[in-house]
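Each residue of the sequence shown is one higher than the one before, starting from 1 at the first, in the UniProt record's numbering. Written out below as structure tokens is the structure these notes cover.
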Amino acid sequence: MAGLGATGRVVAGVTSRLWRRAAGPSSRGLVGTAAVCASDTTIKRDAKKMTSEEWKKQLNRQQYHVTREAGTEPAFTGEYYDHHEKGTYHCLCCGSELFSSEAKYDSGSGWPSFYTPSGKVETRSDRSFLTVRTEVLCGECDAHLGHVFPDGPQPTGLRYCINSIALKFSPKI
């Protein structure tokens, strides 16, 4: 949280505590890993048909809140915001390829940022919180991933600001 200033550190700290409190203790984890899901075409094909109850059985509370209820994890708390390993980022829910580490950059936002997707990603208008943004979704299972903004680097000028908790990383072999 360096560089945030006193007010930013307080807000980030409070947000992190509220996030942990809202998530609560949960022993429910993923039924399988993204690598398993990615190779299982049945899961990918049927992911859009899964009910809320089925997703709740597969995901823990934080994962469900972000990916199925369009939540946002606190800045600077996610596993991949400061992650520099080469590889591919997949959808946590269905395993679909979403982003390459080649398109990842440090935007200073506290979330993993990419200038272009490498997989099946869709967008839609998000009018929540008294503003208009562009929501980013997994094209296979409609998981909420984050938002895209027109303030990124070239060659696209876009910043795909993605929640770490919505991703599963596969290292380049």
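For every residue, glycine included, the Cβ atom is placed at its ideal position computed from N, Cα and C. What you are looking at is a predicted structure, and each value in this text was computed from that prediction instead of being measured.
With a cut-off of 8 Å on Cβ pairs, the segment 141-151 is not in contact with the segment 75-90, counting fewer than three such pairs. In the three-state reduction of the DSSP assignment, residue 170 falls in the strand class, which pools E and B.
If the five residues before and after residue 55 are omitted, its C-beta is found closer than 7 Å to the C-beta atoms of 64 and 68, all from its own chain and listed in chain order.
Here residue 132 carries a coil assignment [DSSP, helix/strand/coil]. When secondary structure is reduced to three states using DSSP, residue 46 falls in the helix class.
In the displayed model, residue 69 falls within a helix according to three-state DSSP.
In this structure, DSSP gives residue 89 an extended state, which the three-state scheme calls strand.
A direct Cα-to-Cα measurement between residue 138 and residue 88 gives close to 14 Å.
DSSP places residue 160 in the strand class (E or B) of the three-state scheme. Contact between residue 59 and residue 168 does not hold, since the beta-carbon distance rounds to 12 Å and is not under 8 Å. Shown here, residue 81 sits in coil according to DSSP, grouped into three states, outside any helix or strand. The shortest C-alpha to C-alpha distance from residue 155 to any of 90, 50 and 116 is the one to 116.
When secondary structure is reduced to three states using DSSP, residue 105 falls in the strand class.
Annotation for residue 52: the continuous alpha helix (DSSP H) segment containing it runs 52-58. The beta carbon of residue 97 sits closer than 7 Å to those of 88, 90, 118 and 119, all from its chain and outside the five residues before and after it, given in chain order. A straight line joining the alpha-carbon of residue 57 with that of residue 136 spans about 24 Å.
The beta carbons of residue 160 and residue 101 sit about 13 Å from each other, so the pair does not count as a contact at 8 Å. When DSSP states are grouped into helix, strand and coil, residue 127 belongs to the coil group.
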